[in-house]
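Residue numbers (my numbering), protein chains in the order written: chain A, 13 to 245; chain B, 8 to 211; chain C, 4 to 225. In this text, a Cβ means the ideal position worked out from N, Cα and C, and glycines have one as well. On a predicted model such as this, the values are computed, not experimentally measured, just so you know.
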Amino acid sequence: MFRYANPAMFMRLSGALLPWVCGAAVIALAAGLYLGFQVPPDYQQGMTVTIMFVHVPAAIVAESAYGLIAIASLFSLVWRHPLADTAARAAAPLGAVFTALGLITGSLWGRPMWGAYWVWDARLTSFLLLLFLYLGYIALWNAIEDEARAARAAAILALIGAVNLPIIKFSVDWWNTLHQGESILSGKIAPVFLWPLLIMALAYMLLFAALWMVRIRTEIVNRRARGLMQRTA
Amino acid sequence: MITSLAAEKLACVRGERRVFADLDFHVAAGQALVVEGANGVGKTSLLRLIAGFLPPASGRVTLNTDRGAISDGEERGRLVGWLGHQDGIKPQLSVGEQLEFFAQLYGARDVIGPLLERVGLSRQRDFPCRYLSAGQKKRLGLARLIVSGRGLWLLDEPLAALDTAGRALTAELMSAHCAAGGIVIAATHDALGLEARSLRLEAA
Amino acid sequence: MSGPFASLLSRDLRLAARSGGGAALALAFFALVATLVPLGVGSDLHLLSRIAGGVLWVGAVLAALLSLDRLYQGDFDDGSLDLIALSPLSLEQVALAKLLAHWLSTGLPLTLLSPLLALLFGLSGQGTWALFVSLLIGTPAVSAVGAIGASLTLSLKRGGLILPLIVLPLLAPAVIFGAGAVSGALDHLSNGALGLLSAFSVAAVLLSPFAAAACVRLNLAG
């Protein structure tokens with residue numbers, strides 16, 4: 013399988029895939045948004061429920077991206093795979109942006125629901141901590157000059173973060189019940205809302221995949237350019 | 008007891024730069040090897056590679072002992088006496104404390120007093136190390152090297168900052184170490200002042 | 004007590020005591036945070052006793068982070084870490100000794116000072132006891148997670164700036180359970196916070212030496 017993951021192979025494969033993934037993302041996004049505006053108002057939340065369609069998928073992608081970084085880090089540490097470092101590094105700012113998106117849409121949703129932009133809801137609090145985990149990870153990558161050393165250190169941090177993330181979520185949930193909070197997304201989702209939500213989730217994932225590929229490709233090209241400069245210097 | 012040290016097809020890569028490649032050498036017990044070469048040619052990297060800090064990009068280093076061959080880096084490190092480019096001396100500790108700490112850390116049973124006398128620091132035993140000159144710090148490093156009791160000495164610029172007497176002392180200690188069946192590998196630009204083979208590193 | 008492990012431990016404690024007053028600096032910082040909070044939120048002892056658990060826990064965590072940079076960075080900068088790595092101790096044992104030294108020179112003194120600061124916040128007897136016990140159980144986790152951060156940033160000239168950013172989110176559970184234990188004691192509830200805190204602490208202390216050793220290994224190769 014590593015044969016298919018070398019940078020040259022990745023460039024060819026991703027080059028062929030990229031237009032399709034981009035196209036699919038745009039279509040899914042358009043369809044999801046259209047369907048999202050067609051749903052009937054919720055009996056409790058009114059039309060604000062439509063914020064769910066941009067909020068929940070962002071949250072899903074934000075968490076999955078951290079998982080992907082952790083998996084890539086494991087590959088980097090155990091098998092010293094060069095593409096794994098690039099992939100992990102490229103995913104981090106995207107994950108951070110999706111986390112921020114989840115926080116912003118969550119707080120916009122909270123304003124009509126709770127009457128405040130920010131409530132210490134368990135979900136939002138966990139996401140705020142996740143954002144800090146992302147920022148720390150990105151900062152560590154940027155702080156260490158030597159690239160190989162930075163990659164290994166960041167990989168160790170990502171794995172520690174991945175081990176700690178469920179504990180953080182658990183502790184925040186525990187803290188939230190202690191202080192009697194409430195969550196927006198408690199209870200079941202009615203089927204009318206489910207389809208637009210699923211399509212939007214797919215759209216966000218495709219968007220993430222497309223951006224991720226672009227970022228990895230950029231990094232590979234950058235590396236080649238640096239190599240060329242070193243050789244001609 | 009160490010019988011010999013051998014490197015086969017050793018290569019070193021730092022970042023994306025190939026430092027050296029296809030390096031072969033062999034040093035038997037009782038011999039000294041001087042590593043020479045211009046700045047940036049990888050002398051320090053070679054010493055760190057032998058000490059087991061740095062895994063080789065390819066090739067291998069084997070340390071042969073009377074209990075078998077060791078090719079694992081960290082295991083090899085347990086037989087290395089190190090005198091690095093940096094002094095490894097804490098300004099807050101006294102000379103005696105510094106040396107006692109290393110004696111205990113390395114599980115040595117040596118008495119500190121005679122050792123300090125040998126390197127000419129017995130008067131400074133209770134001085135905080137911040138008052139030592141660069142040459143005196145080097146002498147403390149030599150004492151530490153002896154107290155480690157290790158067979159394979161790796162020395163990075165051992166003569167730097169030393170006066171004539173200090174250089175003579177270093178040469179004397181190295182000769183004594185070789186005579187006792189140890190190995191000395193030193194990276195230096197200066198003449199060591201003892202019988203030694205030389206290994207010249209060239210830019211890859 | 005002698006041997007390589009004990010000698011490294013006592014040397015780190017001695018260095019901590021001689022550089023910048025060791026525990027005194029962290030204690031002064033802790034006391035200052037505890038003084039500034041009432042100046043900011045007002046002198047209402049009822050309010051202060053409600054927030055004491057959280058404020059003192061956050062203060063203790065921040066105070067413990069102050070001295071983290073000397074855990075590995077000093078030894079890396081002057082080459083001592085090379086010599087320590089070549090000793091008969093494994094790097095995991097080295098990391099454990101350093102973790103223990105950090106806790107003994109910061110976590111433990113902070114815990115011992117906490118009842119005095121609890122007094123300034125009008126914390127009840129049970130609340131003070133819960134704070135003391137939770138700090139005693141939880142500060143090893145702070146040192147353990149902090150040690151990982153210190154080993155990740157040991158080669159950085161300005162690692163002290165990035166270290167809190169890496170370490171603080173990972174320490175959220177310790178703060179939550181620690182402060183939770185205090186508020187549980189105030190409300191006469193048994194909420195299981197101390198049990199959860201113990202579990203977190205044990206896991207952190209067990210995992211930390213391996214993670215820190217991996218980082219040290221990586222930096223020695225650099």
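Can you tell me whether residue i is buried or exposed? The criterion is at least 16 other CB atoms within 10 Å of its CB, across all chains shown.
i, result
"C:Gly128", "exposed"
"A:Phe49", "exposed"
"B:Lys16", "exposed"
"A:Arg92", "exposed"
"A:Arg236", "exposed"
"A:Ile39", "exposed"
"A:Leu219", "buried"
"C:Lys160", "exposed"
"A:Met13", "Note that A:Met13 scores a pLDDT of 47, beneath 50, so its modelled location is shaky; the value from the coordinates is reported in the next line. Counting Cβ neighbours within 10 Å, A:Met13 comes out exposed, since fewer than 16 surround it."
"A:Val233", "exposed"
"C:Thr38", "exposed"
"B:Leu159", "buried"
"A:Met225", "buried"
"C:Ser46", "exposed"
"C:Leu164", "exposed"
"A:Trp132", "exposed"
Residues of chain A with CB under 9 Å from residue i, in chain order?
i, result
"C:Phe203", "Ile179 and Ser183"
Would you verify that the beta carbon of residue i is, or is not, closer than 8 Å to some beta carbon of chain C?
i, result
"B:Phe27", "no"
"B:Phe60", "yes"
"A:Trp91", "no"
"B:Val87", "yes"
"A:Ala108", "no"
"B:Lys97", "yes"
"B:Phe109", "yes"
"A:Asn18", "no"
"A:Gly148", "yes"
"A:Ala77", "no"
"A:Arg164", "yes"
Check the DSSP bridge columns for residue i and list the partner residues they point to.
i, result
"A:Trp186", "Partner(s): none; A:Trp186 has no beta bridge."
"B:Thr72", "B:Ile9 and B:Gly75"
"A:Gly58", "A:Asp54"
"B:Trp160", "B:Gly88 and B:Val191"
"B:Phe27", "B:Cys19"
"B:Ala254", "As shown, chain B starts at 8 and ends at 211. That puts residue 254 of chain B outside it, with no answer to give."
"B:Val34", "B:Leu12"
For residue i, return the contacting residues in chain C, with the cut-off set at a CB-CB distance below 7 Å.
i, result
"A:Ile168", "Leu155, Ala214, Ala217 and Cys218"
"A:Asp158", "Gly225"
Please tell me whether residue i has its Cβ less than 8 Å away from any Cβ of chain B.
i, result
"C:Arg73", "no"
"C:Ile140", "no"
"C:Ile87", "yes"
"C:Leu226", "Nothing can be reported for residue 226 of chain C: it is not among the residues displayed for chain C, which extend from 4 to 225."
"C:Ser10", "yes"
"C:Ser22", "yes"
"C:Met4", "In this predicted model, C:Met4 has a pLDDT of only 48, less than 50, meaning its place in the structure is not dependable; the value taken from the coordinates is given anyway. For C:Met4, the answer is no, since every Cβ of chain B falls outside 8 Å of its Cβ."
"C:Leu18", "yes"
Which class does residue i belong to by DSSP, given the choice of helix, strand or coil?
i, result
"B:Gly120", "helix"
"A:Phe144", "helix"
"B:Arg132", "coil"
"C:Ser92", "Residue 92 of chain C is actually Leu in this sequence, not Ser. C:Leu92 falls in the coil class under three-state DSSP."
"B:Arg67", "strand"
"C:Val145", "helix"
"B:Arg21", "strand"
"C:Ser158", "coil"
"B:Ala14", "strand"
"B:Arg204", "strand"
"C:Ser193", "coil"
Which residues in chain C have a C-beta closer than 8 Å to the C-beta of residue i? List them in chain order.
i, result
"A:Leu152", "Leu155, Thr156, Ile165 and Ile169"
"A:Phe144", "Leu168, Leu171 and Pro172"
"A:Asn234", "None at all; the shortest Cβ gap to chain C is about 22 Å."
"B:Gly84", "Ala88 and Leu89"
Which residues of chain B have a Cβ atom closer than 8 Å to the Cβ of residue i, listed in chain order?
i, result
"C:Asp190", "Simply none; closest approach about 47 Å."
"C:Ser146", "Simply none; closest approach about 21 Å."
Which chain C residues are close to residue i, counting only those with a beta carbon under 9 Å from its beta carbon?
i, result
"A:Ala155", "Thr156, Leu159, Arg161, Gly162, Leu164 and Ile165"
"B:Gln93", "Asp80, Asp81, Gly82, Ser83 and Asp85"
"A:Arg161", "Ser158, Leu221, Asn222, Ala224 and Gly225"
What in chain B is Cβ-close to residue i, meaning under 9 Å?
i, result
"C:Pro7", "Gln111, Leu112, Tyr113 and Gly114"
"C:Arg53", "In chain order: nothing, as chain B lies at least about 43 Å away."
Name the chain A residues whose beta carbon is nearer than 8 Å to that of residue i?
i, result
"C:Ala175", "Leu141, Ile180, Ser183 and Val184"
Do we get a CB-CB distance below 8 Å when we pair residue i with the residues of chain A?
i, result
"C:Gly183", "yes"
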